Structure formats: structure tokens, C-alpha cells
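For reference, the structure discussed in these notes is given below.
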Amino acid sequence: MATTINDIVLVHIDNKPAFHARIEDISPDAKPGWWQVKLLVLTVPLQVYNWILDESQVNGAPFTMSGTPIMLEKIVSPEPPLKPVPPVDNGGSQKKGNVVSLFDRKKN
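Residue numbers (UniProt numbering): 1 to 108.
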């Protein structure tokens, strides 16, 4: 299961879970076989890290930075993705989907 842009990863540092991040971008590095990986680190405040990794490291193979063990673990939701709602034909040439307003909900 390849890791790609918009995936959430759990970054392990020194063999312990350290933080979650979203992969913002993966672009080729000048060095063949390596990638520049832009991570949005989900901390307060948000941070952006740019790491140069090879394909196996992006996909979860352990590596080291300055002797410290690092590993990216792709996070997969335990829930299946929602299915898109098909558009509703309102009789005109334009099709619109169902819109549910959060403001119109009844308050308990």
C-alpha cells in the first residue's frame, strides 16, 4: 500500500510514536531515486517539515536521521470511505445534490 499526497502518517522517532503528519507534496529530488517529501506536522502550532527520502522510506521502511531511528507509518481509517451521493434531477438542465444545512438542525 503506497503512501501518497494527502495521506496521514504516524511518525515514529527512536522506535516510539512521536507525531502525526499529512503528506502535502512528494516531488522528485535532484538525486535519482529520492523524493522531497513535504509534511504538514499536526501539532500546535502547525509545522512543515521537508525531508528527502527514498521510495521505501516514504512507504514505511525504517531509516535514520543523525543516528536516530525514524519510520513513517501510513494511517488507514477503520471506517470505509463514504460513497458520493448521486445528483438529484430537479427537472431542469442543471442537476443539484442534496444540501443539508447544519444551521437548520434542531437544537436539543
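For each residue, glycine too, the CB sits at the ideal point set by N, CA and C.
Because the structure is a prediction, the values reported are computed rather than measured.
{"Asked": "Beta-carbon gap between alanine 21 and leucine 42 smaller than 8 angstroms", "Found": "yes"}
{"Asked": "Terminal residues of the alpha helix (DSSP H) in which glutamate 55 lies", "Found": "55–58"}
{"Asked": "Per-residue DSSP class, three states only, for threonine 4", "Found": "coil"}
{"Asked": "Straight-line Cα distance separating histidine 12 from tryptophan 35", "Found": "19 angstroms"}
{"Asked": "Nearest-angstrom Cα separation, counted from leucine 39 out to proline 45", "Found": "14 angstroms"}
{"Asked": "For leucine 102 and threonine 68, the rounded distance between their alpha carbons", "Found": "47 angstroms"}
{"Asked": "Leucine 53 versus proline 86 - alpha carbon distance", "Found": "40 angstroms"}
{"Asked": "Proline 28 - DSSP class collapsed to helix/strand/coil", "Found": "strand"}
{"Asked": "Check whether isoleucine 70 and isoleucine 8 have beta carbons under 8 angstroms apart", "Found": "no"}
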